[in-house]
Amino acid sequence: MRAQLLIILSLLSADLFSQETKSADSVFFYEQRQRHLEFSKQNATLLLKNTENQIGKVSLIYDYTSGNLKNAQMPASNSNIQFSSDGIRKLGRLKLYGDFTYSRIKDHGLGNSLRGEEIDDQPFYYFAEKESEVQRQKYHANGIISYELIRDKIYLSSGFNYIYYLADRSIDPRISLNWFDFIAKPELTWINKHFHLGLSGLWGYGVENTALKYKNKDYSNGVAYPDRITYLNYGYGYTRKMYDNFSRRKQYKGLGIHLATTLDSWNTLLNLDYKVSEDANGRSLESSLKNQVFSTYQSDQLEGQLLLTKQRGHQLQQIEAAYSTLIGEDYLEALAAKNYTAKSQMAYLSFSNMKSKGNHSFEWGLHARYRSAFKKDAVTSHLFEYSYLQPGLKAGYYQANPGKYRFSAIVSPSLILPLQTIANVASTQVTEFTTTITYPDYAFRKITSGRLDLKLQYINQTLSKDFRTGITLNAGFSKALDKPEIEYPSNFLPGEQRFSMNLSLNLYF
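So the mapping is simple: the working numbering equals the position in the sequence shown, first residue as 1, plus 3.
As structure tokens, this is what we get:
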């Protein structure tokens, strides 16, 4: 079934990529144009405002990450092979966008996390200290279909987001995990000569199942092998030994307002989205399709994004701002009370300026990111809170030789500066979770580090008249600059550095 889905979605993407008279490589080449395109793919209103009516890209990607400058729930190294395709096409009164990505992932040296993709605020997952290799597969599809109800005035659209995910761990305790999410986003867009204004809804559901087992029963009692004991984390410190199969039922709902207009010659894209996620967590009952629910968790998230782009002669300027806030709370049936609270905030601001002269373009930019997170577990008196600021610079060079090739190089240094890091745990409440997760996270978030990102891109325009070929390399290196000693007993301490690399082979249509 999954193989059939892969083939069907790939064929649909290939149909979207049918060649038009112009090449799409320039859209994916310049950072500012690419950011504008990616912003436009988020919803139907911004997609309709985008002037691209027929472009496409197919990529084969290899990711690799390694290093011990990490927290206790990140793998020592990670490799990922991806196939990705996406495209935009206008067909009469329809405008379509679609993308599909298949990922095959291997985590090496992963401990304290018997789960799928990590969602930072989400409680209720298994963990064991013993490190192992975990293999994962992910199918991810996005799409938007917009139909013109009233010519040049009203569009009715539907977006969707589908994920199917598998994970297996190879040593005791072993897990077999599968989950899927499906989210629909209907949207109504009003268009006039001054703006595009859209109102959207969001509805979705998902199911996550985790089967846990031991091949060697000696490991399960935990007397001689404490690192093999499996715990279920109820919040942030409240844990219990548990070996039952685990199930999570998810529901999503939300609203969005989206605006595209021009303000004083600035092309303006604005998103404001509100999303509620509800999880029902329970044991899977073998003789029933239902679950024995022991807890629920709800998070409320508000996100705002703004992108301003201005063309003035041979100069292109871009400003981006983003903000998000999240509040999450659980409810434990056994206690008939709330236990876990999570809060987070993120703010981002960037400015970039690109100036072209002949076949050469030069870009410079500034950016800063702020993030804070708060987690509190009432039963075990655990509190963890941190915040940091990441300011950075960007410098880029582009060379475009029409009909021959394109080349670009972008370098971006940044600093990660801790602002506040707090870990409060009552001495009588120190558990395995405290020493294997809380205190290592505390040590990681206190580190001042530097990061250097590099992007190299080459696009060949001579091999075919119908498409362009290209290769892109993204590399990042993080280095600890200041590592304060911590006063707590920790089973893991972060290392000095971490390296990441992304290499992609691309076809542009």
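Ideal Cβ positions, reconstructed from N, Cα and C, are used throughout, including at glycine.
6 Å Cβ shell around residue i - same chain, five flanking residues per side excluded
i      : result
Ser327 : Glu306 and Met349
Leu2   : Nothing can be reported for residue 2: it is not among the residues displayed for the chain, which extend from 4 to 512.
Lys397 : Gly368 and Ser415
Ile413 : Gly399 and Lys458
Tyr165 : Ala144 and Phe185
Lys188 : Gly162, Ser203 and Leu205
Gly207 : Phe185, Ile186 and Tyr255
Gly146 : Gly101 and Phe163
Neighbour-count burial assignment, residue i, 16 or more Cβ in a 10 Å radius
i      : result
Lys73  : buried
Asn195 : exposed
Pro487 : exposed
Gln37  : exposed
Gly257 : buried
Tyr401 : buried
Ser302 : buried
Gln35  : buried
Thr192 : buried
His317 : exposed
Gln295 : exposed
Glu490 : exposed
Ala263 : buried
Residue interval of the beta strand (DSSP E) (run including residue i)
i      : result
Arg409 : Tyr408 to Val428
Arg139 : Ser135 to Ile153
Phe512 : Premise fails: Phe512 is in no beta strand (DSSP E) and is neither H nor E.
Ala79  : Element bounds for Ala79: n/a, residue is neither H nor E.
Glu190 : Arg177 to Ile194
Leu3   : Residue 3 lies beyond the range of the chain shown here (4 to 512); nothing can be said about it.
Span separating the alpha-carbon of residue i from that of residue j
i      : j      : result
Phe103 : Ala79  : 28 Å
Tyr217 : Val137 : 15 Å
Tyr442 : Thr465 : 56 Å
Arg252 : Val210 : 5 Å
His261 : Phe410 : 34 Å
Phe32  : Gly406 : 14 Å
His197 : Thr265 : 7 Å
Lys358 : Asn53  : 22 Å
Thr472 : Val61  : 10 Å
Met504 : Gly479 : 6 Å
Tyr167 : Gln85  : 15 Å
Leu352 : Gly101 : 28 Å
Thr24  : Arg501 : With a pLDDT of 40 at Thr24, under the threshold of 50, the modelled position of that residue is not reliable, and the figure given next carries that caveat. Roughly 44 Å separates the two Cα atoms.
Ser173 : Tyr241 : 27 Å
Thr383 : Val428 : 8 Å
His363 : Asn509 : 22 Å
Phe495 : Ala75  : 7 Å
Tyr277 : Tyr234 : 33 Å
Thr434 : Tyr228 : 16 Å
Asn356 : Asn236 : 47 Å
Asp282 : Tyr255 : 9 Å
Lys360 : Val30  : 18 Å
Asp171 : Phe249 : 15 Å
Ala426 : Tyr128 : 21 Å
Selection from the options that minimises the alpha carbon distance to residue i
i      : options                           : result
Lys378 : Lys397, Gln393, Gln402 and Ser347 : Ser347
Glu120 : Ala403, Thr213 and Asn195         : Thr213
Ala144 : Thr265, Lys44, Lys486 and Ile489  : Lys44
Pro421 : Pro394, Ser82 and Tyr277          : Pro394
Met245 : Leu117, Asn404, Leu510 and Gln320 : Leu117
Gly331 : Ile147, Ile122 and Tyr67          : Ile122
Ser69  : Phe512, Glu499, Tyr511 and Ser507 : Glu499
Ile506 : Glu490, Thr475 and Tyr491         : Contrary to the premise, residue 506 reads as Leu rather than Ile in this sequence. Of Glu490, Thr475 and Tyr491, the residue nearest in Cα terms is Thr475.
Asn270 : Phe512, Phe185, Leu40 and Ser29   : Leu40
Tyr105 : Phe365, Ser29 and Ser87           : Ser87
Tyr389 : Arg374, Gly59, Asp380 and Gln308  : Arg374
Asp155 : Leu200, Thr438 and Arg448         : Leu200
Own chain residues within Cβ distance below 7 Å of residue i, not counting five before or after
i      : result
Asp333 : Pro126, Gly238, Ser298, Thr299, Tyr300, Lys341, Asn342 and Tyr343
Arg231 : Ala131, Lys133, Asp175, Pro176, Tyr222 and Gly225
Phe42  : Leu49, Leu272 and Leu310
Ala337 : Phe297
Thr438 : Pro492, Ser493 and Asn494
Spatial neighbours of residue i in its chain, beta-carbon cut-off 8 Å, leaving aside the 5 residues before and after
i      : result
Gly453 : Pro416, Ser417, Leu418, Ile419, Ser481, Lys482 and Leu484
Leu14  : Interpretation of Leu14 is limited by its pLDDT of 45, a score under 50 that renders its predicted location unreliable; no figure is taken from the coordinates.
Ala371 : Tyr351, Leu352, Ser353, Leu392, Gln393, Pro394 and Gly395
Lys313 : Ser268, Trp269, Asn270, Leu319, Gln320 and Gln321
Asn81  : Asp66, Tyr67, Thr68, Ser69, Ile108, Lys109, Asp110 and His111
Leu97  : Ile148, Ser149, Tyr150 and Glu151
Pro497 : Asn71, Leu72, Lys73, Asn74, Pro443, Ala446, Phe447, Ile450, Ala483 and Lys486
Asp247 : Leu215, Arg286 and Ser287
For residue i, the first and last residue of its enclosing alpha helix (DSSP H)
i      : result
Glu41  : Glu34 to Ser43
Thr437 : Note, Thr437: premise wrong, no alpha helix (DSSP H); not H, not E.
Tyr445 : Tyr442 to Arg448
Leu51  : Ala47 to Lys52
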